[in-house]
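By full-length UniProt numbering, the letter at position 428 of the sequence shown is numbered 428, and the numbering carries on one by one without gaps.
All C-beta atoms, glycine included, are put in the ideal place defined by N, C-alpha and C.
Okay, so here's the structure we're looking at.
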Amino acid sequence: MRIWNQTFLQKLYTQGIIRRVSNSAKMTSKKIAVCQMTSVANKGENLSVVSKLVNDAARDGAQMIFFPEACDYICDNKNDIVKLAEPILTGEIVDSYRRLAAKHKVWLSMGGVHEKDESKPDKMFNTHLIINNEGDIVQAYRKLHLFDVEIPEKNVRLKESDFSHAGGHVVTPVDTPVGRIGMAICYDMRFPELSTALSIMGAEVLTYPSAFTHTTGEAHWHILLRSRAIENQCYVIAAAQVGHHNKKRRSYGHALCVDPWGEVLADCGEASPSYKLAELSSEALSNVRRNMPVFQHRRRDIYSLYTLNLRKDLLPAHTQHSDVTDVSSRTYDGPSHVFGQVRIPETCVFYKTNLSYAFVNLRCVIPGHVLVAPTRSAERNQDLTEEEADDFYRTIRLVQKLMEKVHNTKSCTVTIQDGPDAGQTIKHLHCHIMPRKKGDFIENDHIYLELAKNDQLKSGHPSKPARTKEEMDNEAKFLRNEMRIMLQSEKDLNR
């Protein structure tokens, strides 16, 4: 087995076998701006700085502009940090960012705004937003790793957990005009498993908007960011805070853009406010990954990342339709079926026998995700009578056939969470039927992670918003008709 040391790699580069990103063709390049600023406690002053940077960078042709953590404000005490936080949907600061994006027709990465937690007002979330060129919030990531450092002998105490909640999901990469972006914030860069997960899921750009302390920045900033770029073969963009924010706090600066070979394309130094432009090339990225195929060499038979808690869609708190009630609290008029702790309206049922019924789902992991349950409230598989079991599995097979026909697939994930240790939270036996298509998940078994975290009764934080009753009724009506057609066709063939 050949060990590729630095001398050997340098030789390959010199001979032109491996091409560095900066030498790649420009035809597939996208222009970004990485920004640097010195936030203070005054929101208005900070917004003025952001506005000017957006205006200037957009004028210079940037398609996407990246801002640092705490671009909205930096205070010197816990009470003010929490007090000034705003909700994402109704806050004035985020609304201003959205209007800036729409006005200048650019995408924005707002690297870490203070998101008010209205359910627990003593703390907030550190939330990274991506806003498109129409002013829509495309994605929101809540910081996973909180910077908690306490060194009594040096009189050092920096504990982000005093005023901030940690996020609960790795957010899957976001498609943007400059590439597929993996979202993170500042301290997250010290945890390489996060960046590795994002790169495996197809990220081309890793973002680390930061307010790095001056001491740690001098020691580790460039090393960490270049390492994340090299090991994941991704562009790394790290917008930064810089300088003295108040008497207590000083940030390192040096907002960076690093290419997949580890070369620094842009460095803002200590200038504030400032930005640097950089070109991201999809062809260059492909060259690096082709010539150094580390993704193919990962030992997935030895180690995996299947324990990730992933999220693709926006959280309800970040969407305009966040007022939809949970299934457990909804009430419906008309006939319904008892389903564990909840009730299923008859209008949502598309097939039934005397012993089983099939119905559409409130929150679908993928299109066509439906459920089959016994009519009687049997909690476990073993609780079914032989007659019920025969009917239950005949119904599952029939519904699977229907869903594959309707969704034009030749595969389904068919799964039962039989008991609490298997993930069952509805105390009523049921089977999930999910039509599958090639590539619907980056890793095939990620569907089980999505299924697990999609259950709001278990986590309190469903990964997908609930559908409306009208949407569910319409799907059930469509499936009832398709089932009738399929059964009639089979009957005609058997004559």
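Three-state secondary structure assigned by DSSP to residue 553: There is no way to answer for residue 553, as the model of the chain reaches only from 1 to 495.
Separation of P293 from H245, as counted between CA atoms: 43 Å
Of the listed residues F339, P177 and R289, nearest to I32 (C-alpha basis): P177
Beta-carbon proximity check, R226 vs E204, cutoff 8 Å: no
Where the beta strand (DSSP E) containing W107 begins and where it ends: W107 to K116
Proximity below 8 Å, CB of G135 to CB of R99: yes
Unbroken beta strand (DSSP E) run spanning V349, endpoints: V349 to K352
Residue-level contact to chain E via CB, N481, 8 Å cutoff: Chain labels in this structure do not include chain E; a single protein chain is all it has.
Distance, K143 Cα to A240 Cα: 16 Å
Neighbourhood of L362 by C-beta distance below 8 Å, restricted to the same chain and skipping five residues each side: V327, A466, R467 and M472
Own chain, CB closer than 8 Å to M486, minus 5 neighbours either side, in chain order: K401, L402 and K405
Where Q341 falls, given that 16 or more other Cβ within 10 Å makes a residue buried: exposed
Local Cβ density within 10 Å of E218, reported as buried at 16 or more and exposed below that: exposed
Alpha carbon of T413 to alpha carbon of I396, nearest angstrom: 12 Å
Whole-angstrom distance between A85 and P420, CA atom to CA atom: 38 Å
DSSP-derived helix/strand/coil call for R99: helix
Contained alpha helix (DSSP H) runs [length at least 4] in the stretch 391-459, N- to C-terminal order: 446-453 and 456-459
Coil, strand or helix - F295 by DSSP: helix
V365 (DSSP reduced to helix, strand or coil): coil
Validate contact between the stretch 109-119 and the stretch 87-96 using beta carbons, cut 8 Å, 3 pairs: yes
Contact check, S164 vs L146, beta carbons under 8 Å: yes
Anticipated Cβ contact below 8 Å, M37 with P273, distance rounded: 4 Å
Closest Cα partner of E470 within the set L198, V360 and R290: V360
Reduced DSSP category for R495 - H, G, I as helix; E, B as strand; rest coil: coil
In DSSP terms, what K159 is bridged to: D148
Sequence-distant residues of its chain with Cβ nearer than 6 Å to L457 (five each side left out): Only weak support exists for where L457 lies, its pLDDT of 41 falling under 50; the coordinates are left without a value.
DSSP beta-bridge partners of T213: S251
Per-residue burial, K276 [other beta carbons within 10 Å of its own, 16 or more giving buried]: buried
Straight-line Cα distance separating A70 from Q63: 22 Å
Rounded straight-line distance, which links the Cα of D188 to that of V34: 18 Å
Helix, strand or coil at N309 according to DSSP, with G and I counted as helix: coil
Contact check, T347 vs G334, beta carbons under 8 Å: yes
Where the beta strand (DSSP E) containing P374 begins and where it ends: V370 to P374
Proximity of A197 and V170 at Cβ, strictly below 8 Å: yes
Nearest-angstrom Cβ-Cβ length linking I416 and N381, presumed shorter than 8 Å: 7 Å
Limits of the beta strand (DSSP E) - the one that T127 falls within: M124 to I131
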